[in-house]
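Colleague: Residue numbers (UniProt numbering): 1 to 523. Idealized CB from N, CA, C, for every residue including glycine. Once you've had a glance at the structure underneath, I'll fire off some questions.
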């Protein structure tokens with residue numbers, strides 16, 4: 001049988017095929033329509049058809065040629081099912097052949113048996129669907145392939161899936177991630193991590209959301225997303241931004257406890273040079289803020305985007321703290337205290353920054369409620385450091401800073417240091433001394449009450465028994481004497497401060513409100 005090649009087909013600019021137009025036309029409705037519109041000519045030159053964006057490309061068209069030249073027969077396998085389906089749909093190969101189903105229906109039947117495919121075959125099909133996303137999605141094949149993949153991941157444990165992973169590794173592609181991926185945590189990667197890294201971010205989004213809907217373990221999904229992002233760091237800037245935004249959105253849909261705080265700070269660092277959309281950046285900051293008690297000081301020391309304002313980005317930390325309090329951090333006392341300790345360390349680092357504005361420092365020291373700290377010594381030291389560097393602040397600005405100190409939560413040593421600290425307003429020194437005096441008097445009264453109660457208890461015992469004072473009572477007496485001495489010292493300091501304040505009031509006749517603002521001195 002002599003075959004004629006009277007039709008030239010250009011497929012997506014990839015390859016040109018010379019075929020018999022009658023052979024293709026007998027199966028393809030689209031070829032028939034094109035040929036019917038072609039002008040009648042006596043020239044023997046073959047007709048030329050150009051296809052742009054033909055699903056499946058040259059590989060799929062070659063399969064169609066084989067199907068047509070083999071009189072409507074071809075072996076359909078998992079590796080070519082999707083390509084045959086795409087080309088059959090595009091070329092309108094819808095007619096039944098030899099009283100059997102059309103090519104489209106034959107491929108659909110093979111897809112229905114996808115549960116019997118091997119994992120590499122499923123991944124190949126998914127890669128083909130990814131390349132021709134629109135037709136695979138509209139046909140429903142994409143959902144079936146994704147469901148098959150997710151079902152395997154969901155049902156197989158990391159320990160029992162070793163039989164799958166060597167086979168699937170044949171399909172993996174190589175990429176250089178030495179500078180981005182730490183090998184320390186490689187043992188934590190599930191067997192399917194490297195298999196899915198080859199997929200585009202659009203496909204990953206579909207797969208992960210399907211996994212979430214099927215209640216797949218969130219910890220494992222979270223680890224994969226961090227791994228996927230690190231593997232894509234060498235991509236173009238636009239692709240990297242798209243990957244980062246999608247990963248953030250997917251992480252936000254997981255349980256907060258399953259997302260690594262360190263990993264979130266890594267994303268924050270990576271995205272600093274990317275122009276992420278506002279909602280995505282807010283979600284990232286929300287996730288970090290909700291678990292900022294797990295952060296370290298190094299995590300929080302984020303360089304300021306504009307060095308003219310301050311060395312570190314104080315604004316982003318304030319946003320973290322607002323998110324933390326909004327997520328219930330105010331009521332979780334243990335977590336709140338941990339955040340306060342971390343914030344005190346942070347303030348000690350940023351206080352010496354000459355560019356740190358007064359308003360920003362006030363925002364830092366007032367960001368958490370008073371219940372967050374049992375002691376204000378660290379807060380006092382940070383304020384002291386700030387006042388040393390920023391020595392041109394007005395008395396009013398200093399008072400705004402010092403108002404955040406709870407003097408009752410200062411140790412005696414800090415109070416003494418504050419009373420003699422010329423950088424602090426005089427009123428704060430008096431308040432500190434008064435607070436300590438009141439606290440010591442209260443302790444003294446409690447101790448005297450306890451000592452009196454103890455004596456009465458001993459006297460009620462049998463008078464014939466002679467009881468020697470115990471070692472505990474001796475220690476208590478020594479402690480009481482020490483407290484009495486401290487009270488006397490504080491009263492002396494108060495009187496001295498009172499004289500100094502009186503002199504200051506007399507010297508400032510132009511400020512009549514000053515005397516009204518002074519605290520009540522020692523009585």
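In chain order, what are the residue ranges of uninterrupted beta strand (DSSP E) at least 3 long that sit wholly in the stretch 226–298?
Modeller: Fully enclosed beta strand (DSSP E) runs of 3 or longer: not present.
Colleague: For a quick check, are the C-beta atoms of residue 240 and residue 230 less than 8 Å apart?
Modeller: What you label residue 240 is simply residue 240 of the chain shown in a count that begins at 1. What you label residue 230 is simply residue 230 of the chain shown in a count that begins at 1. No, Cβ-Cβ distance for residue 240 and residue 230 is not below 8 Å.
Colleague: Strictly under 8 Å for the Cβ-Cβ distance: is residue 109 near chain D by that measure?
Modeller: Considering every chain present, this structure includes no chain D. It has just one protein chain.
Colleague: Can you tell me which of 275, 267, 111, 55 puts its alpha carbon nearest to the alpha carbon of residue 248?
Modeller: For the purposes of this step, residue 248 is taken as residue 248 along the chain shown, with counting starting at 1. Answer by Cα proximity: 267.
Colleague: Can you tell me whether residue 146 is helix, strand or coil according to DSSP?
Modeller: Locating residue 146 in the chain shown gives position 146, where the first residue counts as 1. Here residue 146 sits in helix by DSSP.
Colleague: What span of residues does the beta strand (DSSP E) with residue 16 cover, start to end?
Modeller: The residue you call residue 16 lines up with position 16 of the chain shown. From DSSP, the beta strand (DSSP E) with residue 16 extends over 15–19.
Colleague: Kindly list the residues whose CB is nearer than 8 Å to the CB of residue 316, restricted to its own chain and excluding five residues on each side of it in sequence; keep chain order.
Modeller: Position 316 of the chain shown, counted from the start, is the residue given in the question as residue 316. Answer for residue 316: 285, 302, listed in chain order.
Colleague: Between the Cα of residue 28 and the Cα atoms of 12, 52, 71, 39, which residue gives the shortest distance?
Modeller: On the chain shown, residue 28 is found 28 positions in, with the first residue counted as 1. Per the Cα distances, 71.
Colleague: With DSSP run on the structure shown, which of helix, strand or coil describes residue 132?
Modeller: The residue labelled residue 132 in the question sits at position 132 within the chain shown. Three-state result, residue 132: coil.
Colleague: Would you identify the three-state DSSP class for residue 50, choosing helix, strand or coil?
Modeller: Walking along the chain shown from the start, residue 50 turns up at place 50. In the structure shown, residue 50 sits in a strand (DSSP, three-state: E or B).
Colleague: To which residues of the same chain is residue 96 closer than 7 Å at the C-beta, ignoring the five residues directly before and after it?
Modeller: In the chain shown, residue 96 corresponds to position 96, counting from 1. Hits under 7 Å: 102.
Colleague: Does the structure place the stretch 129–138 close enough to the stretch 102–118 that three or more beta carbon pairs sit under 8 Å?
Modeller: Verdict: no, contact absent.
Colleague: Under DSSP, the alpha helix (DSSP H) around residue 6 begins and ends at which residues?
Modeller: Mapped onto the chain shown, residue 6 falls at position 6. No alpha helix (DSSP H) contains residue 6, which DSSP labels as neither H nor E.
Colleague: Could you pull the start and end residues of the alpha helix (DSSP H) that residue 347 belongs to?
Modeller: Walking along the chain shown from the start, residue 347 turns up at place 347. Counting along the chain, the alpha helix (DSSP H) containing residue 347 begins and ends at 333–350.
Colleague: Less than 8 Å separating the beta-carbons of residue 214 and residue 251?
Modeller: Against the chain shown, residue 214 aligns to sequence position 214. Against the chain shown, residue 251 aligns to sequence position 251. Taking 8 Å as the Cβ cut-off, residue 214 and residue 251 do not qualify as a contacting pair.
Colleague: Could you name the residues of the same chain whose beta carbon sits closer than 8 Å to that of residue 349, not counting the 5 residues immediately before and after it, in chain order?
Modeller: Position 349 of the chain shown, counted from the start, is the residue given in the question as residue 349. For residue 349, where only same-chain residues beyond five positions count, the Cβ hits under 8 Å are 297, 301, 312.
Colleague: Our contact map puts residue 11 next to residue 86 with C-beta atoms below 8 Å; I'd like the distance itself, whole angstroms only.
Modeller: As a working mapping, residue 11 is identified with position 11 in the chain shown. As a working mapping, residue 86 is identified with position 86 in the chain shown. The pair is not a contact, with the Cβ atoms about 13 Å apart (cut-off 8 Å).
Colleague: Residue 394 lies in the alpha helix (DSSP H); which residues open and close that run?
Modeller: Residue numbering aside, residue 394 sits at position 394 when the chain shown is read from its first letter. Taken as a continuous stretch (DSSP letters only), residue 394 belongs to no alpha helix (DSSP H), as it is neither H nor E.
Colleague: Out of 155, 89, 94, which one is the CA nearest neighbour of residue 140?
Modeller: In the chain shown, counting from the first residue as 1, residue 140 sits at position 140. Cα-wise, what sits closest to residue 140 is 89.
Colleague: For the alpha helix (DSSP H) holding residue 205, just list the boundary residues, first then last.
Modeller: Here residue 205 corresponds to residue number 205 of the chain shown, with the count starting at 1. Unbroken alpha helix (DSSP H) run through residue 205: 201–213.
Colleague: Is it right to say residue 158 is buried, meaning 16 or more other beta carbons lie within 10 angstroms of its own, or is it exposed?
Modeller: Taking the chain shown and counting its residues from 1, one reaches residue 158 at position 158. Low confidence applies here, because residue 158 scores a pLDDT of 44, under 50, leaving its location unreliable; read the following figure in that light. Exposed, because fewer than 16 other Cβ atoms sit within 10 Å of the Cβ of residue 158.
Colleague: Quick check: what's the CA-CA separation for residue 9 versus residue 75?
Modeller: Start at 1 with the first residue of the chain shown, and residue 9 comes out as number 9. Start at 1 with the first residue of the chain shown, and residue 75 comes out as number 75. Rounded to whole angstroms, residue 9 to residue 75 spans 24 Å at the Cα level.
Colleague: Helix, strand or coil for residue 183? Go by DSSP, reduced to three states.
Modeller: Looking up residue 183 in the chain shown gives position 183. Unreliable placement is indicated for residue 183, whose pLDDT of 36 sits below 50; no coordinate value is reported for it.
Colleague: With a CB to CB cut of under 8 Å and the five nearest residues on each side skipped, what residues in its chain are close to residue 109?
Modeller: Position 109 of the chain shown, counted from the first residue, corresponds to residue 109. If we look at residue 109 and ignore the five residues flanking it on each side, its Cβ neighbours are 101.
Colleague: For residue 6, I'd like the list of residues in its chain whose CB is within less than 8 Å of its CB, leaving aside the five on either flank, ordered along the chain.
Modeller: One-based indexing of the chain shown puts residue 6 at position 6. Answer for residue 6: 20, 21, 46, 47, listed in chain order.
Colleague: Could you compute how far the alpha carbon of residue 35 sits from the alpha carbon of residue 279?
Modeller: Taking the chain shown and counting its residues from 1, the one referred to as residue 35 is at position 35. Taking the chain shown and counting its residues from 1, the one referred to as residue 279 is at position 279. Distance between the alpha carbons of residue 35 and residue 279: 52 Å.
Colleague: Only counting the same chain, and skipping five residues up and downstream in sequence, which positions put a Cβ closer than 8 Å to that of residue 237?
Modeller: Numbered from 1 along the chain shown, position 237 holds the residue referred to as residue 237. Counting only Cβ-Cβ distances below 8 Å, and skipping sequence neighbours, we find 274.
Colleague: Using 8 Å for Cβ pairs, my map puts residue 366 next to residue 404. What's the rounded Cβ distance?
Modeller: Mapped onto the chain shown, residue 366 falls at position 366. Mapped onto the chain shown, residue 404 falls at position 404. With 8 Å as the limit, residue 366 and residue 404 qualify as a contact, their Cβ atoms being about 5 Å apart.
Colleague: According to DSSP, is residue 110 helix, strand or coil?
Modeller: For the purposes of this step, residue 110 is taken as residue 110 along the chain shown, with counting starting at 1. Note: residue 110 maps to helix in three-state DSSP.
Colleague: Going by DSSP, what residue range makes up the alpha helix (DSSP H) through residue 538?
Modeller: A query on residue 538 cannot be resolved here, the shown segment of the chain reaching from 1 to 523 and no further.
Colleague: Considering just the uninterrupted stretch of the alpha helix (DSSP H) at residue 194, what are its terminal residues?
Modeller: To locate residue 194, count along the chain shown from 1; it is residue 194. Here the alpha helix (DSSP H) through residue 194 covers 193–196.
Colleague: Kindly indicate which residue of 93, 128, 385 has the alpha-carbon position closest to the one of residue 351.
Modeller: The sequence position of residue 351 within the chain shown is 351, counting from 1. The residue with the shortest Cα to Cα distance from residue 351 is 385.
Colleague: Could you compute how far the alpha carbon of residue 67 sits from the alpha carbon of residue 105?
Modeller: Locating residue 67 in the chain shown gives position 67, counting from the first residue. Locating residue 105 in the chain shown gives position 105, counting from the first residue. Approximately 14 Å between the Cα atoms of the pair.
Colleague: Measure from the alpha carbon of residue 138 to the alpha carbon of each residue in 197, 314, 149, 55, then state which is nearest.
Modeller: Numbered from its first residue, the chain shown carries residue 138 at position 138. Among 197, 314, 149, 55, the Cα nearest to that of residue 138 belongs to 55.
Colleague: Have a look at 227, 123, 429 and flag the residue whose alpha-carbon is nearest the alpha-carbon of residue 195.
Modeller: Residue numbering aside, residue 195 sits at position 195 when the chain shown is read from its first letter. Taking only the C-alpha atoms, the option nearest residue 195 is 123.
Colleague: Measure the C-alpha to C-alpha separation of residue 305 and residue 390 and round it to an integer number of angstroms.
Modeller: Position 305 of the chain shown, counting from 1, holds the residue named residue 305. Position 390 of the chain shown, counting from 1, holds the residue named residue 390. Roughly 22 Å separates the two Cα atoms.
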